[in-house]
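Let me begin by presenting the structure, written as structure tokens, before commenting on it.
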Amino acid sequence: MKWTNESGYPWCRITPAESFFDHVVQHDTRPGNWRWKDVVAGLHKLDEDPRMDSERRYVAIVNDDAGLGETPGIGITPTLFCGCQLIHPGERVTSHRHNSVALYFIVQGTGELEVEGVTERYEPFSIMTCPAWHYHEWRADGDADTLMYVIHDMALHAYTRSLFWEEPKGQENIRHVVKGASHTWTATKPLEQSKTEAAKQMRDQGVPAK
């Protein structure tokens, strides 16, 4: 690609400052309230969907006011992602990492979180963190499903196009998370093993399995 707009690149523009600042200045965000019963219902609905093919199930908690320009919100605030995750007893979310920082609040269940080889137990109301770009793995045990809130600065990374994942563990699985670069976020399976619709489309398009 030439570093010019002479040949016609419609995304390259020169705009008056007033028009520019009309886009820079965003509307305010309204407060939100998400009921726990609705969050859990959403998780169990995912759990019944065989297309998920995932050892973890996520619902995202989104405030559309937290978007950028005409893009609806991808977080609970303009910079923070909030979700809720379900892991069944005996399931293991294999080792992976991302360059977003993660904060976990355990609502229900018991098990272990291993971060860079160090393992800590969790129980209801435990608060745990995982620094950016640290390998981590979840192992749920006991009799109850693990339910947790997960907060990342992922929304900020997504808006700045600086989000990276490595799922599952392996240098060949490092992906710059922009459209077409990752087949799923909920399953830590490689592309050739994933049964998600996005994975099927990427295989049909001949995207190499990294």
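Quick note on UniProt numbering: the sequence shown kicks off at 1 and runs consecutively.
Don't be surprised by glycine CBs; every beta carbon is placed ideally from N, CA and C.
- Do the stretch 113-123 and the stretch 64-81 make contact, defined as three or more Cβ pairs closer than 8 Å? no
- Item | For G75, three-class secondary structure by DSSP | Here residue 75 is taken as the residue at index 75 of the sequence shown, counted from 1. Residue state, collapsed to three classes: coil.
- Item | Ordered list of alpha helix (DSSP H) runs contained in the stretch 129-168, each at least 4 residues | 154-159
- Just mark H98 as buried or exposed, buried being the case when its beta carbon has 16 or more other beta carbons within 10 Å. Residue mapping note: residue 98 aligns to position 98 of the sequence shown, counting from 1. Its Cβ being crowded by 16 or more others within 10 Å, H98 is buried.
- Item | Top-ranked residue by Cα proximity to T29, from R35, D22, P78, V59 | Residue mapping note: residue 29 aligns to position 29 of the sequence shown, counting from 1. When each option's Cα is compared against that of T29, the closest is P78.
- Who are the Cβ neighbours of A140 in its own chain at under 8 Å, not counting the five residues just before and after it? If you number the sequence shown from 1, residue 140 lands on position 140. Excluding residues within five positions, the ones whose Cβ falls inside 8 Å are I87, H88, P89, G90, E91, R92, G109, T110, G111, T146.
- Cα separation between M1 and R161? Taking the first residue of the sequence shown as position 1, residue 1 is located at position 1. Taking the first residue of the sequence shown as position 1, residue 161 is located at position 161. A caution first: M1 carries a pLDDT of 45, below 50, which makes its placement in the model unreliable, though a value can still be read off. The alpha-carbon atoms of M1 and R161 are separated by roughly 20 Å.
- Message: Tell me the DSSP secondary structure of L80 in three-state form.
- Response: Counting from 1 along the sequence shown, the entry for residue 80 is found at position 80. Three-state result, L80: coil.
- Message: For F105 and E123, what's the separation of their Cα atoms in angstroms?
- Response: Here residue 105 refers to the residue found at position 105 when the sequence shown is read from its first residue. Here residue 123 refers to the residue found at position 123 when the sequence shown is read from its first residue. Roughly 10 Å between the two C-alpha positions.
- Message: Here's the rule: buried if 16 or more other CB atoms are within 10 angstroms of the residue's CB, otherwise exposed. What is D47?
- Response: In the sequence shown, the residue the question calls residue 47 occupies position 47. Per the 10 Å Cβ criterion, exposed.
- Note down, in chain order, each residue of its chain lying with its Cβ closer than 8 Å to the Cβ of T129, except the 5 sequence neighbours on either side. As a first step, residue 129 must be located in the sequence shown, where it is residue number 129. Closer than 8 Å at Cβ, skipping near neighbours: V101, A102, L103, Y104.
- Classify F20 as buried or exposed, calling it buried when 16 or more other Cβ atoms lie within 10 Å of its own Cβ. The residue labelled residue 20 in the question sits at position 20 within the sequence shown. Classification for F20: exposed.
- Residue of L156, W165, E166 minimising C-alpha distance to I76: The residue you call residue 76 lines up with position 76 of the sequence shown. Relative to the Cα of I76, the nearest Cα in the group L156, W165, E166 belongs to L156.
- Message: I need the DSSP call for M1, collapsed to helix, strand or coil.
- Response: As a position in the sequence shown, residue 1 is number 1, starting the count at 1. Reliability fails at M1, whose pLDDT of 45 lies under 50, so the model's placement of it is uncertain and the value that follows must be treated cautiously. In the three-state reduction of the DSSP assignment, M1 falls in the coil class.
- Query: DSSP puts L113 in a beta bridge; with which residues?
  - Reply: Residue mapping note: residue 113 aligns to position 113 of the sequence shown, counting from 1. Its beta-bridge partners are E120, W138.
- Taking all protein chains shown into account, do 16 or more other C-beta atoms lie within 10 angstroms of the C-beta of R13, making it buried, or fewer, making it exposed? Reading the sequence shown from its first residue, position 13 is the one you call residue 13. Answer is exposed; the Cβ neighbour count stays below 16.
- S126 (DSSP reduced to helix, strand or coil): The count along the sequence shown starts at 1 and reaches residue 126 at position 126. Correct three-state label for S126: coil.
- Quick one: using the 10 Å Cβ neighbour count with 16 as the cut-off for buried, is G206 buried or exposed? Translated into the one-based positions of the sequence shown, residue 206 becomes position 206. Counting Cβ neighbours within 10 Å, G206 comes out exposed, since fewer than 16 surround it.
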